[in-house]
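What follows is a single structure, written as structure tokens, with notes after it.
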Amino acid sequence: MESIWKKVNKNENINEITEDIERDVVIIGGGIAGFLTAYRLAEKGSKVTLIEANVLFSGVTQFTTAHIEALQGIKYSALKNRECAQLYFESQIAAIDELEALVKKHNIDCDFKRLDSYLYTNTDVSTLKREYEILKDIRANVEFSENASILNAVAKAAIVLHDQASFEPIKFLSGLPINFELIENTRIIDVDYKEKVLFTEKYRIKAEKIVIATNFPIINVPGWYFLRMY
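Residue numbers (my numbering): 400 to 629.
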């Protein structure tokens, strides 16, 4: 399946591993999570190396819906308490604001837009109403609608969360400077967390800090995450 987002090749100076090396911070995974982590750490003065098994933005990032929103299904009413809901919501809004700030700072043409976000139901209105009440309680800019003209006969009710966003993710990421070392087409096949060593098929990478930013866990660390994927 092809991505609908325009691919932009911005990688002019890509390094490759030809021997065992040592680095300060190594990030595994060249999607939006890994790239932004590398960008921010480098911005703060860390010497960062980002390693991607294929090429930048070739995984889940290129198939994103491109919605940037704090409304993510029945989330807030399922959290432990109001404080947790408040903190989670604030973190999501802060992330949207941060992305918008980066767009403005680097003058990135990525069709960033502020939009309303909808969560609707055609069955369980009471569950949706509980979610709305939590959002209202934490002072989200939110409405609850049972207006047939707005819902267009698709649903019985909807939560409308204002001032969310959308963008073209590949254009956005391609508009950011690469202020770190980038290594593509290099797969990490094992990690020794105790010794802080990463292994490719041929070489070893010693790192002071390791960040794994892949879609699926690449290493079976304690927690047995590979058994939880579904």
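Ideal Cβ placement from N, Cα and C applies to all residues, glycine included.
- Under the 10 Å beta carbon count, leucine 597 is surrounded by 16 or more other beta carbons and is classified as buried.
- Rounded to whole angstroms, the separation of the alpha carbons of histidine 466 and isoleucine 537 is 22 Å.
- Inside the segment 502 to 578, DSSP marks whole beta strand (DSSP E) runs of 3 or more residues at positions 512 to 520, 541 to 544, 556 to 565, from first to last along the chain.
- Around arginine 586, the same chain offers Ala452, Thr599, Glu600 as residues with beta carbons nearer than 8 Å, after the five sequence neighbours per side are excluded.
- DSSP places arginine 603 in the uninterrupted beta strand (DSSP E) bounded by 603 to 611.
- The three-state reading of DSSP puts isoleucine 426 in strand, counting E and B together.
- Going by C-alpha positions, asparagine 521 is about 18 Å away from leucine 560.
- For the options Gly574, Val424, Ile416, the alpha carbon positioned closest to that of lysine 595 is the one of Val424.
- Of the residues Asp496, Pro616, Lys605, the one whose Cα lies closest to the Cα of threonine 448 is Lys605.
- In the DSSP assignment, leucine 440 falls within the alpha helix (DSSP H) that extends over 431 to 442.
- Approximately 7 Å separates the beta-carbon atoms of glycine 472 and leucine 518; this is inside 8 Å, confirming the contact.
- A check of alpha carbon separations from glutamine 461 across Ile588, Leu572, Val610, Asp589 identifies Leu572 as the nearest.
- In this structure, DSSP gives phenylalanine 456 a state outside helix and strand, which the three-state scheme calls coil.
- Beta-bridge partners of phenylalanine 462 (DSSP): none assigned.
- The beta carbons of isoleucine 450 and isoleucine 431 sit no closer together than 9 Å.
- Contact check for leucine 501 against alanine 564 fails: the beta carbons are separated by 9 Å or more.
- Our two residues, serine 516 and tyrosine 531, have alpha carbons roughly 13 Å apart in a direct line.
- In this structure, lysine 443 keeps its C-beta atom at 9 Å or more from the C-beta atom of cysteine 509.
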